[in-house]
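Scroll down for the structure; my scribbles are underneath it.
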């Protein structure tokens, strides 16, 4: 409920209460204090509602409507903030995917250059280079080389390292071999 409406209703209520007090204070001196009249033992008579009770009953529906409108407005604003956040995350995701694609393109270009360099090397020198690199990189290079060049490089390697790389190449090129265990 807006504050300015709340204040004006409070002022109206206070004014009505002041008038009611002034009227009842004059009547209180003329009349005896109000007690609940009892007709029969065990039964009480119902008093008419007071002004404050009537006021509360009269504004209850308007207050409920105002509360519902405020909650609706709050939900709409939260939904808008959520949509903005989702859009921002989608922009970030697209930006990240673009960055990953550029990185993969660069790595592929660098890898192709390394493969062409290794292909032009003497088999002994290439074997020495691939013996010191990690297994995954060496297997990647050997798979991209022509089979004649790769076999001459493997021939120049230490037999255990050559067997290890060959086994890894077979596992990468034959997916059924990986599932056999």
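Numbering (the numbering used here), first residue to last: 19 to 199. We put the CB at the ideal spot given by N, CA and C, even for glycine.
Asked: Residue 90: first and last residue of the uninterrupted alpha helix (DSSP H) it sits in; Found: 69 to 138
Asked: Nearest-angstrom Cβ-Cβ length linking residue 163 and residue 118, presumed shorter than 8 Å; Found: At roughly 27 Å, the Cβ-Cβ gap does not stay under 8 Å, so residue 163 and residue 118 are not in contact.
Asked: Cβ pair residue 160, residue 171 closer than 8 Å; Found: yes
Asked: Cα-Cα separation between residue 70 and residue 107, rounded to whole angstroms; Found: 53 Å
Asked: Range of the contiguous alpha helix (DSSP H) that encloses residue 142; Found: 141 to 150
Asked: Three-state secondary structure (DSSP) of residue 175; Found: coil
Asked: Residue interval of the alpha helix (DSSP H) (run including residue 161); Found: 153 to 162
Asked: C-beta contact flag for residue 153 and residue 182 at 8 Å; Found: yes
Asked: Outcome for residue 64 when other beta-carbon atoms lying within 10 angstroms are tallied against a minimum of 16; Found: exposed
Asked: Pairwise C-alpha distance: residue 102 and residue 76; Found: 41 Å
Asked: Three-state secondary structure (DSSP) of residue 65; Found: coil
Asked: Status (buried if at least 16 other CB within 10 Å, exposed otherwise) for residue 128; Found: exposed
Asked: CA-to-CA distance, residue 73 to residue 99, given in whole angstroms; Found: 38 Å
Asked: Exposure label - residue 144; buried when at least 16 CB within 10 Å; Found: buried
Asked: Buried or exposed (CB count within 10 angstroms, at least 16 for buried), residue 80; Found: exposed
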